[in-house]
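Asker:
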Amino acid sequence: MNAAPVSVALSARDVSLWYGARQVLDAASLDVASRCITAVVGRSGSGKSSLLRCFNRLNDEIDGARVQGSVRVGELDAYARGASLSELRRRVGMVFQRPNPFPMSVHDNVGYGLRLFGLKRGAELDDRIEAALRVAGLWDEVANRLDDSALDLSFGQQQRLVIARAIAVEPEVLLLDEPASALDLAAMLRFEELLLQLASRFAIVLVTHNMQQAARVSRWMAFLHEGRVLEFGDTDAIFTNPHRRETEDFITGRIVSGD
Ligand SMILES: Nc1ncnc2c1ncn2[C@@H]1O[C@H](COP(=O)(O)OP(=O)(O)O)[C@@H](O)[C@H]1O
Ligand SMILES: [Mg+2]
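The opening residue of the sequence shown carries number 134 in our numbering; numbering runs sequentially from there.
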């Protein structure tokens, strides 16, 4: 067996998911460690995005989706009857492949969640917005553009903006679904630096189809194959000594991810 993380921010146990009659996750279990990056890899269609959506109950928004199993974030049992969806989504933030700024100002994008949770306009709100933009590495570029539309930012800036929006409410876990796949190499390497900095504060789950990226930034790695977590453990150990033939084929590129 591979080693397992000691300090766990999110724990998924036997998570199965159906879209209608079709099962797309089969008893997936993994632990997301605090303050580091856990990579989720696997070929296209293996269930990576679906798994992430189980972590913050985004599958609830999909008609016909049914989830079994448990997801825990600290003491919060995400699928317990009466569990607060807004509390779960505050604690488990998500960033998608394509940045999705809201059609409003830079300021209001980053302040959106904070205001939802009751912080009124004022100095404290502004301070929290600035802090989130600083952590996301965007403050210097937008300090004079806070009232401009977020839609006028460049692609790379929008991506850091949605990260600032996600971290403004101080989540414990940040889910990133292929956030670097549209970036050129230089921008991707800069983005990885940002991810490593973010990982000093948050537990990060990074879906990536880029094995070099997984090797560079992640401490832990889960390999998904046809809806199953076939392998989960220390990233370096999996790269040097994969336990499963399917994992070896995938990480050596004998099977291309297809993404
Ligand atoms: N909203 C949906 N409704 C029905 N099937 C879906 C939906 N989203 C994804 N799927 C199916 O679930 C499987 C896993 O998809 P996905 O989680 O997107 O994989 P990955 O992110 O690894 O590429 C695929 O077969 C996909 O076609
Ligand atoms: Mg996906």
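Ideal Cβ placement from N, Cα and C applies to all residues, glycine included.
Everything numeric in this text was worked out from a predicted model, so none of it was measured.
#1: If you follow the alpha helix (DSSP H) that ILE170 is part of, which residue opens it and which one closes it?
#2: ALA160 and PHE149 - do their beta-carbons sit closer together than 8 Å?
#3: I need the boundaries of the alpha helix (DSSP H) containing HIS240, first residue and last residue.
#4: Report buried or exposed for THR341, applying the criterion of at least 16 other Cβ atoms within 10 angstroms of its Cβ.
#5: Can you grab the Cα-Cα spacing for the pair ILE296 / LEU185, in whole Å?
#6: Using DSSP bridges, identify the partner residues of PHE356.
#7: Work out the CA separation of ALA172 and VAL141 for me, nearest whole Å.
#8: Exposed or buried, ASN374, counting other C-beta atoms within 10 Å across all chains shown (16 or more means buried)?
#9: Ignoring anything shorter than 3 residues, give me the beta strand (DSSP E) runs that lie fully in the region 315-355, in order along the chain.
#10: Any chance you could list the residues with Cβ under 5 Å from a heavy atom of ligand 1, keeping chain order?
#11: Count the CB pairs spanning the region 188-205 and the region 261-274 that are closer than 8 Å, and state whether there are at least three.
#12: Got a sec, what are the start and stop residues for the beta strand (DSSP E) ARG155 sits in?
#13: What I want to know is whether the C-beta of VAL362 ends up closer than 7 Å to one or more non-hydrogen atoms of ligand 2.
#14: To which residues of the same chain is ARG190 closer than 7 Å at the C-beta, ignoring the five residues directly before and after it?
#15: By DSSP, does GLY215 sit in helix, in strand, or in coil?
#16: Is there at least one non-hydrogen atom of ligand 2 closer than 7 Å to the beta-carbon of VAL340?
#17: Would the C-beta of ASP273 count as close to ligand 2, meaning under 7 Å from any of its heavy atoms?
#18: Indicate the three-state DSSP secondary structure (helix, strand or coil) for GLN201 in the structure shown.
#19: Can ASP310 be considered in contact with ligand 2, in the sense that its beta carbon sits closer than 7 Å to one or more heavy atoms?
#20: ALA332: beta carbon under 7 Å from a heavy atom of ligand 3?
#21: Report the residue from GLU379, ALA269, ARG261 and GLN230 whose alpha carbon sits nearest the alpha carbon of ALA315.
#22: Taking PHE250 as the reference, give the member of VAL362, ASN233 and PRO304 with the closest Cα.
#23: For GLU208, count the other beta carbons within 10 Å of its own beta carbon; 16 or more makes it buried, fewer makes it exposed. Which is it?
Answerer: If we stick to the structure as given:
#1: The residue labelled residue 170 in the question sits at position 37 within the sequence shown. For ILE170, there is no enclosing alpha helix (DSSP H); the enclosing beta strand (DSSP E) has its first and last residue at 170-174.
#2: Translated into the one-based positions of the sequence shown, residue 149 becomes position 16. Translated into the one-based positions of the sequence shown, residue 160 becomes position 27. The question names Phe, yet the displayed sequence has Ser at residue 149. Against a cut-off of 8 Å, the Cβ pair of ALA160 and SER149 comes out as a contact.
#3: Position 107 of the sequence shown holds residue 240. Unbroken alpha helix (DSSP H) run through HIS240: 239-249.
#4: To locate residue 341, count along the sequence shown from 1; it is residue 208. Burial call: buried.
#5: Reading the sequence shown from its first residue, position 163 is the one you call residue 296. Reading the sequence shown from its first residue, position 52 is the one you call residue 185. Distance between the alpha carbons of ILE296 and LEU185 is about 16 Å.
#6: If you number the sequence shown from 1, residue 356 lands on position 223. Looking at the DSSP assignment, PHE356 forms a beta bridge with VAL174 and GLU364.
#7: For this step, residue 141 is matched to residue 8 along the sequence shown. For this step, residue 172 is matched to residue 39 along the sequence shown. Roughly 15 Å separates the two Cα atoms.
#8: Here the question's residue 374 lines up with position 241 in the sequence shown. Burial call: exposed.
#9: With a minimum length of 3 residues, the continuous beta strand (DSSP E) runs that stay inside the region 315-355 are 336-340.
#10: My final list is TYR152, VAL157, SER177, GLY178, SER179, GLY180, LYS181, SER182, SER183 and ILE195.
#11: No: fewer than three Cβ pairs fall under 8 Å.
#12: For the purposes of this step, residue 155 is taken as the residue at position 22 of the sequence shown. Per DSSP, ARG155 belongs to the beta strand (DSSP E) from 155-166.
#13: Mapped onto the sequence shown, residue 362 falls at position 229. With a threshold of 7 Å, the Cβ atom of VAL362 does not count as near ligand 2, since no heavy atom of the ligand is closer than that.
#14: Counted from its first residue, the sequence shown places residue 190 at position 57. Excluding positions up to five away in sequence, the list reads ALA211, LEU218 and LEU221.
#15: Along the sequence shown, one-based indexing puts residue 215 at 82. Note: GLY215 maps to coil in three-state DSSP.
#16: Walking along the sequence shown from the start, residue 340 turns up at place 207. Within the cutoff, so yes.
#17: Here the question's residue 273 lines up with position 140 in the sequence shown. ASP273 Cβ: outside cutoff for every heavy atom of ligand 2.
#18: Position 68 of the sequence shown, counting from 1, holds the residue named residue 201. Strand.
#19: Walking along the sequence shown from the start, residue 310 turns up at place 177. Checking the Cβ of ASP310 against ligand 2 gives yes.
#20: What this structure holds is ligand 1 and ligand 2, not ligand 3.
#21: Here residue 315 corresponds to residue number 182 of the sequence shown, with the count starting at 1. Of the listed residues, the one whose Cα sits closest to ALA315 is GLN230.
#22: Your numbering for residue 250 matches position 117 in the sequence shown. Here the closest residue by C-alpha is PRO304.
#23: Translated into positions along the sequence shown, residue 208 becomes position 75. Exposed is the call here.
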